[in-house]
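Taking it in order: structure first as C-alpha coordinates, then the write-up.
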Amino acid sequence: MAATGRAATTKRRRVHLPRQDRSADGQAGFDTGSADLWVLSTGLGVSVAAGHGAYDPAKSASFRPMNDSRFSIRYGDGSGAAGIVGTDAVDVGGASFPNQAVELATAVSRQFMQDQSGDGLLGLAFSHLNTVRPQKQRTFFDNIKASLAEPVFTADLRKAAAGTYTFGSIDRSRFRGPLAWIPVNTTLGFWQFGSERFAVNRGPVQASTAGNQAVADTGTTLILADAKVVTAYYALVKGAQSSPQVGGFTFPCDAKLPDLELDAGGVYMAKVSGNDMNYAEVGDGTCFGGVQAAPPGQLSIYGDIFFKSQFVVFNAGNDTLGMAAHA
(Lines of atoms letter the chains of each structure in order from A and count residues from 1; the text may use other names and numbers.)
(Lines give C-alpha, C1' and ligand atoms only; values in the text may rest on other atoms or scores of the structure.)
Protein backbone atom coordinates (compact mmCIF):
# COMPACT_ATOMS: atom_id res chain seq x y z
CA MET A 1 0.00 0.00 0.00
CA ALA A 2 1.36 3.43 -0.92
CA ALA A 3 2.04 5.64 2.08
CA THR A 4 2.04 9.31 2.92
CA GLY A 5 3.28 11.18 5.96
CA ARG A 6 2.91 14.68 7.32
CA ALA A 7 4.91 16.39 10.02
CA ALA A 8 4.15 19.81 11.47
CA THR A 9 7.15 21.86 12.50
CA THR A 10 7.54 24.45 15.23
CA LYS A 11 9.06 27.86 14.61
CA ARG A 12 12.57 26.39 14.29
CA ARG A 13 11.75 23.77 11.65
CA ARG A 14 11.59 20.97 14.21
CA VAL A 15 9.74 17.71 13.85
CA HIS A 16 9.17 14.75 16.13
CA LEU A 17 11.11 11.65 15.15
CA PRO A 18 9.49 8.84 17.13
CA ARG A 19 11.70 5.80 17.61
CA GLN A 20 10.76 2.28 18.62
CA ASP A 21 11.36 3.01 22.30
CA ARG A 22 8.42 5.32 22.98
CA SER A 23 10.24 6.99 25.84
CA ALA A 24 12.96 8.14 23.47
CA ASP A 25 11.09 10.47 21.14
CA GLY A 26 13.30 13.27 19.90
CA GLN A 27 13.15 16.43 17.86
CA ALA A 28 15.26 17.10 14.80
CA GLY A 29 15.30 19.83 12.18
CA PHE A 30 14.61 19.08 8.53
CA ASP A 31 17.60 20.11 6.41
CA THR A 32 17.37 19.87 2.62
CA GLY A 33 21.00 20.99 2.39
CA SER A 34 22.57 17.90 3.99
CA ALA A 35 22.16 14.12 3.90
CA ASP A 36 22.84 12.89 7.43
CA LEU A 37 20.29 11.92 10.09
CA TRP A 38 22.07 12.50 13.37
CA VAL A 39 20.85 12.92 16.94
CA LEU A 40 22.35 13.90 20.27
CA SER A 41 23.16 10.69 22.13
CA THR A 42 23.99 9.54 25.62
CA GLY A 43 27.54 9.15 24.31
CA LEU A 44 27.90 12.89 24.91
CA GLY A 45 27.74 12.22 28.65
CA VAL A 46 27.38 15.14 31.00
CA SER A 47 28.00 17.58 28.16
CA VAL A 48 24.36 17.22 27.06
CA ALA A 49 22.88 20.56 28.08
CA ALA A 50 19.63 21.04 29.96
CA GLY A 51 16.67 21.24 27.63
CA HIS A 52 17.95 18.59 25.21
CA GLY A 53 16.91 15.00 24.74
CA ALA A 54 19.62 12.39 24.30
CA TYR A 55 19.01 9.20 22.34
CA ASP A 56 20.01 6.09 24.30
CA PRO A 57 20.52 3.10 21.96
CA ALA A 58 20.47 0.74 24.94
CA LYS A 59 16.79 1.56 25.45
CA SER A 60 15.77 0.69 21.89
CA ALA A 61 15.02 -2.96 21.12
CA SER A 62 15.38 -2.28 17.39
CA PHE A 63 18.75 -0.49 17.43
CA ARG A 64 21.63 -2.30 15.71
CA PRO A 65 25.18 -0.92 15.80
CA MET A 66 27.13 -0.57 12.57
CA ASN A 67 30.55 -1.59 13.80
CA ASP A 68 33.48 0.53 12.58
CA SER A 69 31.17 3.09 10.94
CA ARG A 70 31.51 6.73 11.89
CA PHE A 71 30.28 10.10 10.69
CA SER A 72 31.62 13.63 10.80
CA ILE A 73 29.72 16.55 9.31
CA ARG A 74 30.40 20.27 9.18
CA TYR A 75 27.89 22.86 8.05
CA GLY A 76 28.34 26.16 6.26
CA ASP A 77 28.11 28.20 9.47
CA GLY A 78 31.00 26.26 11.03
CA SER A 79 28.83 24.08 13.28
CA GLY A 80 29.18 20.31 13.17
CA ALA A 81 28.77 16.90 14.75
CA ALA A 82 30.59 13.57 14.78
CA GLY A 83 30.12 10.13 16.27
CA ILE A 84 29.10 6.53 15.71
CA VAL A 85 26.40 4.94 13.55
CA GLY A 86 23.68 2.31 13.87
CA THR A 87 20.27 1.49 12.44
CA ASP A 88 16.87 1.88 14.07
CA ALA A 89 13.20 2.30 13.24
CA VAL A 90 12.36 5.89 12.34
CA ASP A 91 8.88 7.34 11.86
CA VAL A 92 8.14 10.85 10.65
CA GLY A 93 4.50 11.84 10.68
CA GLY A 94 3.38 8.36 9.68
CA ALA A 95 6.06 7.72 7.07
CA SER A 96 8.43 5.10 8.49
CA PHE A 97 11.44 2.92 7.74
CA PRO A 98 12.53 0.03 9.99
CA ASN A 99 16.30 0.06 9.40
CA GLN A 100 17.28 3.67 8.96
CA ALA A 101 20.90 4.67 9.49
CA VAL A 102 20.92 6.87 12.58
CA GLU A 103 24.09 8.74 13.46
CA LEU A 104 24.71 9.09 17.19
CA ALA A 105 26.61 12.25 18.00
CA THR A 106 29.35 11.84 20.58
CA ALA A 107 30.77 15.30 19.82
CA VAL A 108 28.92 18.42 18.67
CA SER A 109 29.75 22.08 18.23
CA ARG A 110 28.66 24.68 20.75
CA GLN A 111 25.96 26.01 18.41
CA PHE A 112 23.94 22.80 18.69
CA MET A 113 24.25 22.65 22.47
CA GLN A 114 23.05 26.24 22.78
CA ASP A 115 20.08 25.65 20.47
CA GLN A 116 17.61 24.00 22.84
CA SER A 117 14.87 23.73 20.21
CA GLY A 118 16.26 20.58 18.63
CA ASP A 119 18.20 17.40 19.26
CA GLY A 120 19.66 16.75 15.81
CA LEU A 121 19.09 17.09 12.07
CA LEU A 122 17.35 14.99 9.43
CA GLY A 123 19.08 15.53 6.09
CA LEU A 124 16.97 15.48 2.92
CA ALA A 125 19.57 16.18 0.24
CA PHE A 126 20.79 13.39 -2.07
CA SER A 127 22.40 10.37 -0.44
CA HIS A 128 25.80 10.74 -2.08
CA LEU A 129 26.30 13.80 0.15
CA ASN A 130 26.11 11.58 3.26
CA THR A 131 29.24 11.62 5.46
CA VAL A 132 29.18 8.11 7.00
CA ARG A 133 32.41 6.19 6.50
CA PRO A 134 33.54 3.69 5.29
CA GLN A 135 30.22 3.43 3.38
CA LYS A 136 27.77 6.26 2.75
CA GLN A 137 24.22 5.65 3.98
CA ARG A 138 20.88 6.38 2.32
CA THR A 139 18.76 9.23 3.61
CA PHE A 140 15.38 8.63 5.23
CA PHE A 141 13.64 9.99 2.13
CA ASP A 142 15.63 7.78 -0.24
CA ASN A 143 14.67 4.76 1.86
CA ILE A 144 10.94 5.49 1.93
CA LYS A 145 10.33 7.05 -1.49
CA ALA A 146 9.52 3.74 -3.23
CA SER A 147 6.72 3.12 -0.71
CA LEU A 148 5.18 6.57 -1.08
CA ALA A 149 2.17 7.35 -3.26
CA GLU A 150 4.46 9.79 -5.10
CA PRO A 151 8.28 10.01 -4.71
CA VAL A 152 8.07 13.55 -3.36
CA PHE A 153 8.14 15.59 -0.21
CA THR A 154 6.97 19.17 0.17
CA ALA A 155 8.02 22.07 2.36
CA ASP A 156 5.33 24.55 3.35
CA LEU A 157 7.06 27.04 5.67
CA ARG A 158 5.36 30.23 6.83
CA LYS A 159 6.33 33.43 8.60
CA ALA A 160 5.62 33.40 12.35
CA ALA A 161 3.62 30.17 12.04
CA ALA A 162 4.10 26.44 12.14
CA GLY A 163 5.14 24.91 8.84
CA THR A 164 4.47 21.49 7.38
CA TYR A 165 6.53 18.86 5.59
CA THR A 166 4.52 16.25 3.70
CA PHE A 167 5.90 12.99 2.31
CA GLY A 168 4.29 11.26 -0.66
CA SER A 169 1.67 13.77 -1.77
CA ILE A 170 1.18 17.38 -2.89
CA ASP A 171 -1.50 19.42 -1.11
CA ARG A 172 -2.71 21.69 -3.89
CA SER A 173 -4.70 23.84 -1.49
CA ARG A 174 -1.44 25.23 -0.13
CA PHE A 175 -0.33 27.20 -3.20
CA ARG A 176 -1.69 29.46 -5.95
CA GLY A 177 -1.62 28.67 -9.65
CA PRO A 178 0.33 25.88 -11.34
CA LEU A 179 3.65 24.60 -10.06
CA ALA A 180 6.71 25.59 -12.07
CA TRP A 181 9.04 22.61 -12.47
CA ILE A 182 12.74 23.43 -12.19
CA PRO A 183 15.44 20.95 -13.29
CA VAL A 184 17.86 20.01 -10.52
CA ASN A 185 21.61 19.44 -10.86
CA THR A 186 22.32 16.56 -8.44
CA THR A 187 26.08 16.32 -9.08
CA LEU A 188 27.12 17.77 -5.71
CA GLY A 189 24.26 16.12 -3.83
CA PHE A 190 22.20 19.29 -3.37
CA TRP A 191 18.79 20.38 -4.63
CA GLN A 192 20.69 22.75 -6.93
CA PHE A 193 19.42 24.83 -9.85
CA GLY A 194 20.41 27.71 -12.09
CA SER A 195 19.62 31.24 -10.89
CA GLU A 196 20.96 33.87 -13.27
CA ARG A 197 18.33 36.63 -13.12
CA PHE A 198 16.62 38.78 -10.52
CA ALA A 199 14.39 41.81 -10.11
CA VAL A 200 13.93 44.24 -7.23
CA ASN A 201 10.73 46.05 -6.29
CA ARG A 202 8.90 44.92 -9.44
CA GLY A 203 11.59 46.56 -11.56
CA PRO A 204 13.20 45.24 -14.75
CA VAL A 205 14.78 41.81 -14.76
CA GLN A 206 18.57 42.04 -14.34
CA ALA A 207 21.34 39.54 -14.94
CA SER A 208 23.29 38.13 -12.03
CA THR A 209 26.65 36.41 -12.51
CA ALA A 210 26.58 34.10 -15.54
CA GLY A 211 26.29 30.47 -14.52
CA ASN A 212 25.17 31.27 -10.98
CA GLN A 213 23.74 28.23 -9.19
CA ALA A 214 21.55 28.13 -6.07
CA VAL A 215 20.58 25.50 -3.51
CA ALA A 216 17.12 25.13 -1.94
CA ASP A 217 18.17 24.71 1.69
CA THR A 218 15.77 24.62 4.64
CA GLY A 219 18.75 24.23 6.97
CA THR A 220 19.87 27.81 6.30
CA THR A 221 17.96 30.78 7.68
CA LEU A 222 18.94 33.55 5.27
CA ILE A 223 19.11 33.99 1.52
CA LEU A 224 22.78 34.04 0.53
CA ALA A 225 22.66 35.38 -3.00
CA ASP A 226 24.95 36.47 -5.81
CA ALA A 227 26.70 39.74 -4.93
CA LYS A 228 25.02 41.56 -7.83
CA VAL A 229 21.62 40.70 -6.36
CA VAL A 230 22.54 41.97 -2.91
CA THR A 231 24.08 45.22 -4.13
CA ALA A 232 21.06 46.02 -6.30
CA TYR A 233 18.64 45.16 -3.50
CA TYR A 234 20.13 47.37 -0.80
CA ALA A 235 20.59 50.23 -3.27
CA LEU A 236 16.81 50.63 -2.93
CA VAL A 237 16.76 50.49 0.89
CA LYS A 238 17.08 53.89 2.55
CA GLY A 239 19.96 53.98 5.02
CA ALA A 240 21.30 50.53 4.13
CA GLN A 241 25.02 49.96 4.48
CA SER A 242 27.49 47.11 4.54
CA SER A 243 28.66 46.60 8.12
CA PRO A 244 31.96 44.79 8.76
CA GLN A 245 31.04 44.61 12.45
CA VAL A 246 28.06 42.31 11.86
CA GLY A 247 29.23 40.79 8.59
CA GLY A 248 26.58 42.01 6.16
CA PHE A 249 24.10 44.67 5.15
CA THR A 250 22.14 46.52 7.81
CA PHE A 251 19.49 49.24 7.66
CA PRO A 252 17.24 51.28 9.97
CA CYS A 253 14.66 48.92 11.41
CA ASP A 254 11.81 51.14 10.23
CA ALA A 255 13.00 51.08 6.60
CA LYS A 256 10.55 49.88 3.97
CA LEU A 257 12.03 46.82 2.27
CA PRO A 258 11.31 46.00 -1.38
CA ASP A 259 10.24 42.66 -2.77
CA LEU A 260 12.90 40.51 -4.45
CA GLU A 261 12.34 38.14 -7.36
CA LEU A 262 14.84 35.33 -7.91
CA ASP A 263 15.20 33.17 -11.00
CA ALA A 264 14.69 29.44 -10.56
CA GLY A 265 16.02 27.40 -13.46
CA GLY A 266 15.15 29.96 -16.09
CA VAL A 267 11.47 28.95 -15.91
CA TYR A 268 10.18 30.75 -12.81
CA MET A 269 10.72 33.99 -10.91
CA ALA A 270 10.13 33.38 -7.20
CA LYS A 271 8.94 36.52 -5.43
CA VAL A 272 10.19 36.96 -1.87
CA SER A 273 8.19 39.53 0.07
CA GLY A 274 9.99 42.55 1.46
CA ASN A 275 8.02 41.92 4.66
CA ASP A 276 10.19 38.84 5.22
CA MET A 277 13.53 40.57 4.63
CA ASN A 278 14.07 42.10 8.08
CA TYR A 279 15.91 39.27 9.79
CA ALA A 280 16.83 40.62 13.22
CA GLU A 281 17.64 43.76 15.18
CA VAL A 282 21.34 44.16 15.95
CA GLY A 283 21.03 47.18 18.25
CA ASP A 284 20.37 50.93 18.25
CA GLY A 285 17.44 50.66 15.88
CA THR A 286 19.54 48.89 13.25
CA CYS A 287 18.45 45.62 11.65
CA PHE A 288 20.25 42.87 9.74
CA GLY A 289 18.97 41.97 6.30
CA GLY A 290 17.52 38.62 5.32
CA VAL A 291 19.42 38.58 2.03
CA GLN A 292 23.20 38.69 2.18
CA ALA A 293 26.03 37.92 -0.24
CA ALA A 294 27.26 34.37 -0.68
CA PRO A 295 31.06 34.00 -0.51
CA PRO A 296 32.66 34.72 -3.92
CA GLY A 297 32.71 31.69 -6.20
CA GLN A 298 30.36 29.65 -4.01
CA LEU A 299 26.80 28.48 -4.54
CA SER A 300 23.95 30.78 -3.63
CA ILE A 301 21.85 29.41 -0.77
CA TYR A 302 18.13 30.07 -0.73
CA GLY A 303 17.16 29.41 2.87
CA ASP A 304 14.09 29.77 5.05
CA ILE A 305 13.37 33.38 4.11
CA PHE A 306 12.97 32.20 0.50
CA PHE A 307 10.66 29.38 1.62
CA LYS A 308 8.41 31.77 3.55
CA SER A 309 7.04 32.96 0.21
CA GLN A 310 7.14 29.69 -1.73
CA PHE A 311 5.54 26.27 -1.54
CA VAL A 312 8.26 23.86 -2.70
CA VAL A 313 8.01 20.28 -3.96
CA PHE A 314 11.13 18.09 -3.91
CA ASN A 315 10.56 15.49 -6.62
CA ALA A 316 12.93 12.51 -6.63
CA GLY A 317 10.98 10.87 -9.45
CA ASN A 318 12.56 13.13 -12.05
CA ASP A 319 14.99 15.28 -10.01
CA THR A 320 13.01 18.50 -10.16
CA LEU A 321 11.77 21.18 -7.80
CA GLY A 322 8.20 22.42 -8.03
CA MET A 323 7.60 26.01 -6.90
CA ALA A 324 4.56 28.23 -6.53
CA ALA A 325 3.52 31.14 -4.33
CA HIS A 326 1.77 30.27 -1.09
CA ALA A 327 -2.00 30.30 -1.11
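So in our numbering, spot 243 of the sequence shown is number 961, and the numbers just go up one at a time.
Even for Gly, the Cβ is constructed at its ideal location relative to N, Cα and C.
Since the model is a prediction, treat every value here as computed from it, not as a measurement.
Limits of the unbroken beta strand (DSSP E) element including glutamine 1010: 1009–1011 is the span of the beta strand (DSSP E), which, as asked, contains glutamine 1010.
Of the listed residues Thr805, Asp1002 and Gly992, nearest to valine 1009 (C-alpha basis): The shortest C-alpha separation from valine 1009 is found at Gly992.
Taking the alpha carbon of tyrosine 997 as the point to measure from, which residue in Leu940, Gly983 and Ala1045 has its own alpha carbon closest? The shortest Cα separation from tyrosine 997 among Leu940, Gly983 and Ala1045 belongs to Leu940.
What is the C-beta distance between threonine 750 and alanine 843, in whole angstroms, given that I count them as a contact (C-beta under 8 Å)? Contact holds; Cβ gap of about 6 Å.
Would you report the Cα separation of serine 759 and threonine 857, rounded to the nearest angstrom? Separation of serine 759 and threonine 857 (C-alpha to C-alpha, rounded to the nearest whole angstrom) is 19 Å.
Beta-carbon proximity list for arginine 740, same chain, < 6 Å, skipping 5 on both sides: Note that arginine 740 has pLDDT 37, beneath the 50 cutoff, so the model's placement of it is unreliable and no number is given.
Judging by CA-CA distance, which residue of Glu979, Glu999, Lys989 and Gln931 is the nearest neighbour of phenylalanine 969? Shortest Cα-Cα distance from phenylalanine 969 to any of Glu979, Glu999, Lys989 and Gln931 involves Glu999.
Give me the DSSP bridge partner(s) of glutamate 821. Glutamate 821 is bridged to Trp756 and Val803.
For the alpha helix (DSSP H) holding glutamine 829, just list the boundary residues, first then last. 828–832 is the span of the alpha helix (DSSP H), which, as asked, contains glutamine 829.
Run through the DSSP bridge pairs and tell me what proline 970 is partnered with. Answer is Thr1004, bridged to proline 970.
Quick check on glutamine 818: buried or exposed, where buried means 16 or more other Cβ atoms within 10 Å of its Cβ? Here glutamine 818 is buried. Its C-beta has 16 or more other C-beta atoms within 10 Å.
Smallest Cα separation from aspartate 809: which of Val820, Ala1034, Gly1015 and Gln924? Of Val820, Ala1034, Gly1015 and Gln924, the residue nearest in Cα terms is Val820.
Measure the CB-CB distance between glycine 1021 and valine 1031 and report whether it falls below 7 Å. One thing to note: glycine 1021 has its Cβ no nearer than 7 Å to the Cβ of valine 1031.
By how many angstroms is the C-alpha of glutamine 931 removed from the C-alpha of tryptophan 909? Rounded to whole angstroms, tryptophan 909 to glutamine 931 spans 10 Å at the Cα level.
Does the region 886–901 come close enough to the region 978–988 to have 3 or more Cβ pairs within less than 8 Å? Cβ pair count under 8 Å is three or more, so yes.
Is there contact between the region 886–898 and the region 1013–1027, where contact requires at least three CB pairs shorter than 8 Å? Judged by pairs of C-beta atoms under 8 Å, the region 886–898 does not touch the region 1013–1027, as fewer than three such pairs exist.
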